[in-house]
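>
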Amino acid sequence: MFEVVIGLEVHVQLNTKSKLFCSCSTEFAAKPNSNTCPVCLALPGALPVVNEEAVIKAMRFGYAIDAKVNEVSRFDRKSYFYPDSPMSYQITQFYKPILENGKIEITSKDGGTKFVTIKEAHLEADAGKSIHEGAISKVDLNRAGTPLLEIVSGPDMRSSDEAVEYLKKLHSLVRYLDISDANMQEGSFRCDVNVSIRPKGQKEFGTRVEIKNINSFRFVKQAIEYEVERQIEAYEDGVYEEEVWQETRLFDSNKGITKSMRGKEDSADYRYFPDPDLRPLIVTQAMIEKAKEIPELPDEKCKRYMSELKLKEYDAKVITAQKELAHFFEVMLEEKIDAKNAAAWLINELLGRLNKLGLDISQSVVDAKTLAKLISKIEDGTISGKGAKDVLDYMIEHEEFDIDAIIEKLGLKQLSDDSAILALIDEVLAKNKDKVNEYKEGKEKLFGFFVGQVMKASKGSANPKKVNELLKQRLSS
Amino acid sequence: MKLREACKLSKEELKSLQEELLQKAKESDLNAYIGFERSEIGVPILIKDNIQVKNWPITCASKILQGYIAPYNATVIEKLKVKGFAPMGRANMDEFAMGSTTESSFYGPTKNPHDTTRVPGGSSGGSAAAVAAGLAIAALGSDTGGSIRQPASYCGVVGFKPTYGKVSRYGLSAYASSLDQIGPITQDVKDAALLYDMIAGYDEKDSTSANIAHTSIYKNLDSSQKYTIAVIDNYVEAASEDVKEAMQKAIKALKEAGHTIIHKNLLNTKYDIATYYIIATAEAATNLGRYDGVRYGYRAEGAKNSMELFFKTRSEGFGDEVKRRILLGNFVLSSGYYDAYYIKAQKVRHLIKEEYNKIFAKADLILSPIAPSVAPKLGQLQDPLTMYKSDMYTLAINLVGLPAISLPIMKNKENLPVGLQLIGKAFNEQPIFNAALSLEERVNYKG
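Line by line, the protein sequences are chains A and B. This note's numbering numbers the first residue of the first sequence as 1 and each following residue consecutively. This note's numbering numbers the first residue of the second sequence as 1001 and each following residue consecutively.
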């Protein structure tokens, strides 16, 4: 039997206003090379100046994961020639990163919890983009110089599920901290996976293979599973040495396989050395104070939802896993509705419908206040739960949000008036005298029958709670 | 005309001065100017071809930057313009400031105005030759390992290399970032102080710029101040007879001016040379990576893919000396060699700094040769190693980041200038200028 060992390197694009070493905007620009200046174009004589906002965001991540925030860190040059790397080197932190030794708690394989160590996280500048159009290649440097935080985990994960669990946790965390948009499709949350295997009980790690640039959680899982299988097969076939070596592979998402990027002999030498254009990065007290302004994080929030709001663990976890969802939920609670009702409606009804449409919470046409109002209509007895579901469907379908008008239009208003319901009850009881007698003789099962008959007589509009109450009164008198 | 005199001219007078200088420069066969661009009317300053002037072609005297037009001003140019100075003309230099003779220029060598069969020194050879020949009132150069001081010495003019961090490097095409400084090349010490005041000061665009207010040197010049000046005996021993004679002359003049001379020794200069050529080339190899033919400048024809584009562009665009230093720099940074070369060089750099600190605990200034001899003949320094060795007296100043002035002391029998340097403590430059002025007043050098 084999043990799988996984470590991840995640590149998180920091959502700063300007680039890491110049004042160019980081906002998306449709026109290529429009967000550029002498620094990010690498014109002769231009010099980098560190963007403090990026440093503070990196530090904030450090405090959130209990890492050591180095008072002094340094920037280094990593040399390689590529058309979209205008300086021919990337400015990164190779020798002395800003963050070391943090940890993130995840749910482990066996259902318990475990910590994944964050060995280090360092600041670096992103490259531009190459665009290939047939025989012509173009370079767009709008992205060049955008700040990245590369977060390097320890080799602590033991399955593809754990790896995905860790990634989801990390993704949620950077969004909560508001340090990144972490959009995987747009490349602001990019992941490299290191995978090795070893026979169970062996202490030494096997040969580590790196799989680069995987852009969805699903692909991470697929890539790991393919790679693990490939390595185990090589081991069992006795060709481990020949087939598995320390290399970088690419994941082909169409075929679901990993492929070797370059030959065995051809390893890159990045010639790292300290960037002489930048002095050591020194963290000041003012920066520390700003970096420590940390909002309530998912784990804390989850615990608070369970203890204060009495939510079930599952509901609390689902809601807090996504910053937007938690925010939505908290806006709902501002309408003074029951927290458990709010959670149930958010998760089961709204998310259920959004999922079917392939949308996420940020794309919901029904906003938090409206959903809360709808719930309050159930709570005050105006409509039934079923009626509310009809209203929700109607709102999503028609994009109309006047709840009262919809209730009116669909005729969902419940009959809650005591005398009106009593009149219906008396009518039903008068029609079924024999059953009333049976009931009074002990056939209590008939209670349901009476409720059904009253509801039927009201054409479904009677408030069932009231019907229950009043019916009990009448039958016991 | 001196710079400080030109500063008093009216607009009309400046206009005719500019025209007169340009005319002379165009007629000259020294090849000191490689471009005659000018900006508005003002006190004309000749600019080394590695300092960005907006809308000028700035080429670092290299084929690889042919066709490039700078879209922005270097901070020093901005500062000059604000003060009423006007950049005028581009000065020849060694390609990317790598050389000691200005012979590695894409535009061909500049000649020494004192003897046109000789080099003007380098890399700021165009700047020094033009000032010496009266083709420029004053010039800006850059000094990475002696590139201002040595050509000033060979051409019989004054050159000042500021404390590292005193002058913004923003807009100076980098050769070696931790060593480069822009500085003035002028006709005398007073002009050097004046021009230096105009370009010095903190710049937030340069992270290595020192955040210290600049106090005017020119306004506080005082040649009556007395200093303790150390002479490095083992340096003098290794120099030519001409240089030894200049040292004797200068020591005598300084003593007469009331300064105290003490005698010291420094580490063998072979350590400076080795350390410099590791650090400078490591930085240069990466600094020059941006010249890849993708965005600007020269691009080779017929490349089939991006790697071929890089290879061809850089093979065709760079000269031999630049290629040599890029190769050396990449070698010392390679995995397996990094510790043995780069790290070791950084350690030796600290050691050299400590050596200077020891001397500065006892002395205010150091008097030292600039080059082992007078300007060599064109083509004489063909062997790179011989050329590297000729930088022996200037390199350590850049490694330590110290300020130093080069000024002419005498002429030898062949009528060639011999200069010396006064080296001061970091960020304490007034004593250098004061002592240099007192020396200048007494040696009575005649260009």
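We treat Cβ as the ideally placed atom computed from N, Cα and C, and that holds for glycine. Predicted model only: the values in this text are computed from it and were never measured.
Quick one: Cα of E335 (chain A) to Cα of F75 (chain A), how far?
Rounded to the nearest angstrom, the two C-alpha atoms are 50 Å apart.
> So if I threshold CB-CB distances at 8 Å, which residues from the stretch 1029-1060 of chain B count as touching chain A?
Those would be N1050, I1051, Q1052, I1058, C1060, in chain order.
> Could you give the DSSP three-state label for S477 (chain A): helix, strand or coil?
Coil at S477 (chain A), not helix or strand.
> Under a three-way DSSP split, which group does I361 (chain A) fall into?
Helix at I361 (chain A).
> By the DSSP assignment, the alpha helix (DSSP H) with Y89 (chain A) in it spans what residues?
Looking at the DSSP string, Y89 (chain A) is not in any alpha helix (DSSP H); the run it does join, the beta strand (DSSP E), is 89-92.
> Please tell me whether G1329 (chain B) and A1282 (chain B) are closer than 8 Å, where the distance is taken between their beta carbons.
Result yes, Cβ atoms of G1329 (chain B) and A1282 (chain B) sit closer than 8 Å.
> Just verifying my parser: in three-state terms, what is the DSSP assignment at E124 (chain A)?
E124 (chain A) falls in the strand class under three-state DSSP.
> Which of helix, strand or coil does DSSP assign to I1326 (chain B)?
Three-state result, I1326 (chain B): helix.
> Could you tell me whether the Cβ atoms of L1140 (chain B) and I1051 (chain B) are closer together than 8 Å?
Their beta carbons are under 8 Å apart, which means L1140 (chain B) touches I1051 (chain B) by this criterion.
> For the stretch 1027-1095 of chain B, list the beta strand (DSSP E) runs that are entirely contained and at least 3 residues long, ordered along the chain.
Those beta strand (DSSP E) runs which fall completely within the stretch 1027-1095 of chain B and span 3+ residues are 1033-1038, 1043-1048, 1085-1091.
> Can you name the residues of chain B whose CB is closer than 9 Å to the CB of G45 (chain A)?
Within 9 Å Cβ-Cβ: N1050, I1051, Q1052, I1058, A1070, Y1072, A1074, R1169, Y1170, G1171, L1172, S1173, A1174.
> The beta strand (DSSP E) that contains T248 (chain A), what's its start and end?
Where T248 (chain A) is concerned, the enclosing beta strand (DSSP E) stretches over 248-252.
> Residues in its own chain within less than 8 Å of K212 (chain A) by CB, not counting five upstream and five downstream?
For K212 (chain A), where only same-chain residues beyond five positions count, the Cβ hits under 8 Å are D192, T248, R249, L250, F251, M261.
> Mind checking which residues open and close the beta strand (DSSP E) that includes T1228 (chain B)?
Unbroken beta strand (DSSP E) run through T1228 (chain B): 1228-1232.
> Helix, strand or coil: which one does DSSP assign to R353 (chain A)?
R353 (chain A): helix per DSSP, three-state reduction.
> Could you have a look at D66 (chain A) and say whether DSSP puts it in helix, strand or coil?
D66 (chain A): coil per DSSP, three-state reduction.
> Use the C-beta contact count for Q280 (chain A): other C-beta atoms within 10 angstroms, 16 or more gives buried, fewer gives exposed.
The identity of residue 280 (chain A) in the sequence shown is Pro, whereas the question assumes Gln. Looking at its Cβ environment, which holds fewer than 16 other Cβ atoms inside 10 Å, P280 (chain A) is exposed.
> D1191 (chain B) and A1138 (chain B): beta carbons closer than 8 Å?
Yes, Cβ-Cβ distance for D1191 (chain B) and A1138 (chain B) is below 8 Å.
> Buried or exposed for Y1164 (chain B), please, with buried defined as at least 16 other CB atoms from any protein chain shown within 10 angstroms of its CB.
Label assigned to Y1164 (chain B): buried.
> Quick check: the Cα distance between A1280 (chain B) and R1349 (chain B), rounded to an integer number of angstroms?
The alpha-carbon atoms of A1280 (chain B) and R1349 (chain B) are separated by roughly 12 Å.
> Does the distance from the C-beta atom of P1372 (chain B) to that of A1238 (chain B) stay below 8 Å?
For P1372 (chain B) and A1238 (chain B), yes; Cβs fall inside 8 Å.
> Under 8 Å between the Cβ atoms of S1406 (chain B) and V1158 (chain B)?
Contact flag set, yes.
> Out of A:T92, A:Y63, A:E400, A:S85, state which residue places its alpha-carbon closest to the alpha-carbon of R77 (chain A).
Ranking A:T92, A:Y63, A:E400, A:S85 by Cα distance to R77 (chain A) puts A:T92 first.
> Assign Q1248 (chain B) to one of three DSSP states: helix, strand, or coil.
Helix at Q1248 (chain B).
> Hey, does D110 (chain A) have any beta-carbon neighbour from chain B nearer than 8 Å?
Cβ-Cβ to chain B under 8 Å: no for D110 (chain A).
> Under 8 Å, with one C-beta from each stretch per pair, do the stretch 1177-1186 of chain B and the stretch 1413-1426 of chain B reach the 3-pair mark?
No: fewer than three Cβ pairs fall under 8 Å.
> What residue range is occupied by the uninterrupted beta strand (DSSP E) comprising E76 (chain A)?
The sequence shown places Asp at residue 76 (chain A), not Glu. First-last of the beta strand (DSSP E) with D76 (chain A): 76-79.
> Along the chain, which unbroken stretches of the alpha helix (DSSP H) at least 4 residues long are found entirely within the stretch 1234-1305 of chain B?
Complete alpha helix (DSSP H) runs here, min 4: 1241-1256, 1269-1287.
> Straight-line CA distance for L278 (chain A) to R230 (chain A)?
For L278 (chain A) and R230 (chain A), the distance between alpha carbons rounds to 44 Å.
> Which residues, in chain order, does the stretch 1198-1215 of chain B contribute to contact with chain D at a C-beta distance below 8 Å?
The chain labelled as chain D is not found among the protein chains of the depicted structure, namely A and B.
> Secondary structure at I104 (chain A), three-state DSSP: helix, strand or coil?
Strand, per DSSP.
> Check this for me: beta carbons of A1352 (chain B) and Y1296 (chain B), under 8 Å apart or not?
Position check: residue 1352 (chain B) holds Ile in this sequence, whereas Ala was assumed. No, the pair does not count as a contact, with Cβ atoms beyond the cut-off.
> Quick one: any contact between the stretch 280-292 of chain A and the stretch 99-115 of chain A, if contact means 3 or more CB pairs under 8 Å?
Touching, no, given that fewer than three Cβ pairs across the two stretches are closer than 8 Å.
> If you follow the beta strand (DSSP E) that G1183 (chain B) is in, where does it begin and where does it stop?
Its beta strand (DSSP E) spans residues 1181-1186.
> What residue range is occupied by the uninterrupted beta strand (DSSP E) comprising K1353 (chain B)?
Looking at the DSSP string, K1353 (chain B) is not in any beta strand (DSSP E); the run it does join, the alpha helix (DSSP H), is 1344-1362.
> Can you find the residues in the same chain that come closer than 7 Å, C-beta to C-beta, to I65 (chain A), ignoring five residues on each side of it along the sequence?
Contacts found: G102, K103, I104, I118.
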